[in-house]
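Have a look at the structure below before the remarks.
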Amino acid sequence: MIPPKIELSTKEERREYVLSAWECMHDCESCGKCRILKGRDPETLYADYIEGKRSYIDVTLDIRNSSY
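The sequence shown begins at 1 in the UniProt record's numbering and counts up one residue at a time.
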């Protein structure tokens, strides 16, 4: 799935994408999403993207590079 571009999507479309993309698969050994999110809420982490302030990839890179 490709994240909706900010300029071509609504806030709700971006929120739906984030929630869908980071939905728990209940298969932690294979999925790896939990290791990336480190127990944090995806909607909170991607708030800047959902609000249209920063691109999805910029937020994702910050999450992956964070030390907490």
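Using N, Cα and C, we set each Cβ at its ideal position, and we do this for glycine too.
Quiz item: Is the stretch 8-24 touching the stretch 46-65 in the sense that three or more CB pairs, one from each, lie closer than 8 Å?
Solution: yes
Quiz item: By the 10 Å Cβ neighbour count, where 16 or more other Cβ atoms means buried, how is L45 classified, buried or exposed?
Solution: As a working mapping, residue 45 is identified with position 45 in the sequence shown. Its Cβ being crowded by 16 or more others within 10 Å, L45 is buried.
Quiz item: Where W22 and I63 are concerned, what is the direct C-alpha to C-alpha distance, given to the nearest angstrom?
Solution: One-based indexing of the sequence shown puts residue 22 at position 22. One-based indexing of the sequence shown puts residue 63 at position 63. Cα-Cα distance, rounded: 13 Å.
Exercise. Determine the DSSP secondary structure at Y46, reduced to helix, strand or coil.
Key: What you label residue 46 is simply residue 46 of the sequence shown in a count that begins at 1. Note: Y46 maps to coil in three-state DSSP.
Self-check item: Spatial neighbours of residue 70 in its chain, beta-carbon cut-off 8 Å, leaving aside the 5 residues before and after
Solution: Look at the range of the chain in this structure, 1 to 68, and you will see that residue 70 is not part of it.
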